[in-house]
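First comes the structure, then the notes that go with it.
Protein chains in written order, with the working numbering: chain C, 1 to 205; chain Y, 1001 to 1205.
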């Protein structure tokens, strides 16, 4: 089975349980002969794929009424895979979504690591520091790398800790962020688990 | 008396108690004949001003030992003006600093409103929403503008509220942010109050 999670800048592919990533420009979607199940937040690419018979957009099999209209399909699909917890999907954006025993409680969106690093540097060359992923959150920062990390990741981690729910980290930066989250589980295949659940539920194969 | 707070992109000027702002490129520093007291986070401009006798850099009169080495002089000067509270300086960056009865407790740096708006749009055209400055912070967002606002300003406001200290908002976006902070005081002249304290203490005039 081939599954694709199409983002704005790259595509995550799970083929025969092997995970790979390609940039959008290198993504050779027209030469796929097998059936591919996909989700996409990239509307330009979705439009092209809709003309190809072997590309099945899983979005059509999802009941969106539990979620809000403009919510990214990737967030919705990841939520299918858990019953209770917080999903932190750290990619070009960091999305945080809460499920309370089957009910979607809401969520929020922060910028991704790469985007925030660039944002700080663009504000001022004085803010050109790498983030400190070992930051102690129980005291206020007294140096520049910690001050930047706290103002972005510190606030995020402290907010999520207050939910007192299991935390699942996914997305390209999940492992990088893990040291900041106590007892968080990293699951890079979370979105594909959600996709498989949708396929099973819709009896597609 | 003329006071200048020189930032990365603009200069705030207090002349005879009248506040004005000019962009760095429009800042005609060479044609000032009067004595000007200034602070600057703009090292290129500081270097030029150091050759002019009538431009007095107040940084030399500050005891930096209470603060950390790379901390912006604007943050340090603003802190001179209060004894107890949280200063939120919302400009191109948002700096948050805590003073506990005269002691600097530490602080952190978030991106400014304009920078974060651009960051979200650059991540994806799907994140092109204005912030909601009336956001309710007691529930999780279920729409895109609130999800973006919460992931940036919501986390910031909730963190600052937990300090249970007087909040003073300053900087160009202080009034825009005020609806999100309960009982916060807006003081656009805070940094100039700090500068005046330094001038008085150093007996410069």
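No residue lacks a Cβ here, since even glycine has one placed at the ideal position from N, Cα and C.
- In this structure, residue 1005 of chain Y sits away from residue 1016 of chain Y, with a CB-CB distance that is not shorter than 9 Å.
- In the same chain as residue 35 of chain C, and ignoring 5 residues on each side of it, the C-beta atoms closer than 6 Å to its own belong to 54, in chain order.
- Burial check for residue 134 of chain C: the Cβ neighbour count within 10 Å stays below 16, so the residue is exposed.
- Relative to residue 1189 of chain Y, the option among Y:1079, Y:1044, Y:1062 whose CA is nearest is Y:1079.
- Of the candidates C:49, C:40, C:62, C:49 places its Cα closest to the Cα of residue 31 of chain C.
- Using a CB distance below 8 Å, no part of the segment 174-194 of chain C faces chain Y.
- Among the residues facing chain C, residue 1103 of chain Y is not included, as its CB has no counterpart in that chain under 9 Å away.
- Annotation: the continuous beta strand (DSSP E) that includes residue 1107 of chain Y extends over 1103-1111.
- When rounded, the separation of the alpha-carbon atoms in residue 77 of chain C and residue 38 of chain C is 11 Å.
- A distance below 8 Å between beta-carbons, with the five flanking residues on each side excluded, links residue 1147 of chain Y to the following residues of its chain, in chain order: 1141.
- Residue 1132 of chain Y is positioned such that its CB atom lies closer than 9 Å to that of residue 1149 of chain Y.
- In the structure shown, the three-state DSSP call for residue 33 of chain C is coil.
- Per DSSP, residue 147 of chain C is one residue of the alpha helix (DSSP H) stretching across 144-149.
- At least 9 Å separates the beta-carbon of residue 158 of chain C from that of residue 1058 of chain Y.
- Contact between the segment 84-97 of chain C and the segment 124-131 of chain C is not established, with fewer than three Cβ pairs separated by less than 8 Å.
- With respect to the 9 Å criterion, residue 1143 of chain Y and residue 105 of chain C are not classified as neighbours on the basis of their beta carbons.
- The beta carbon of residue 192 of chain C sits closer than 6 Å to those of 3, 14, all from its chain and outside the five residues before and after it, given in chain order.
- Under a criterion of Cβ atoms nearer than 8 Å, no residue of chain C is adjacent to residue 1059 of chain Y; the nearest Cβ is some 14 Å distant.
- In this model, residue 113 of chain C and residue 170 of chain C are separated by some 13 Å (Cα to Cα).
- Taking the Cβ atoms as the reference, residue 115 of chain C lies roughly 6 Å from residue 92 of chain C, within the contact range of under 8 Å.
- Nearest in C-alpha terms to residue 103 of chain C, of all of C:1, C:111, C:66, is C:66.
- Sequence-distant Cβ neighbours of residue 23 of chain C in its own chain, meaning closer than 6 Å and more than five residues away, are 10.
- Chain-order list of chain Y residues neighbouring residue 108 of chain C: 1140, 1141, 1146, 1147, 1148, 1149, 1150, 1151, 1152, 1154, 1155, by C-beta distance under 9 Å.
- In the three-state scheme derived from DSSP, where H, G and I count as helix and E and B as strand, residue 1186 of chain Y is classed as strand.
- Around the beta carbon of residue 1111 of chain Y, 16 or more other beta carbons lie within 10 angstroms, which makes this residue buried.
- In the DSSP assignment, the residues bridged to residue 1015 of chain Y are Y:1002, Y:1018.
- In the three-state reduction of the DSSP assignment, residue 1172 of chain Y falls in the coil class, being assigned neither a helical nor a strand state.
- Residue 1199 of chain Y and residue 1094 of chain Y have their C-alpha atoms roughly 26 Å apart.
- Not a single CB atom of chain C sits nearer than 9 Å to the CB of residue 1165 of chain Y.
- In the assembly as shown, residue 1075 of chain Y is a buried residue. Its beta-carbon has 16 or more other beta-carbons within 10 Å.
- If you draw a straight line from the Cα of residue 182 of chain C to the Cα of residue 96 of chain C, it comes to about 16 Å.
- The C-beta of residue 1136 of chain Y has fewer than 16 other C-beta atoms within 10 Å across all chains shown, which makes the residue exposed.
- Residues of chain Y with a Cβ closer than 9 Å to the Cβ of residue 134 of chain C do not exist, since the nearest Cβ in that chain sits about 16 Å away.
- Looking at the DSSP output, residue 1023 of chain Y shares a beta bridge with Y:1010.
- Burial is judged here by how many other beta carbons sit within 10 angstroms of a residue's own beta carbon; residue 1044 of chain Y has fewer than 16 and is exposed.
- According to the DSSP secondary-structure assignment, residue 85 of chain C is paired through a beta bridge with C:99.
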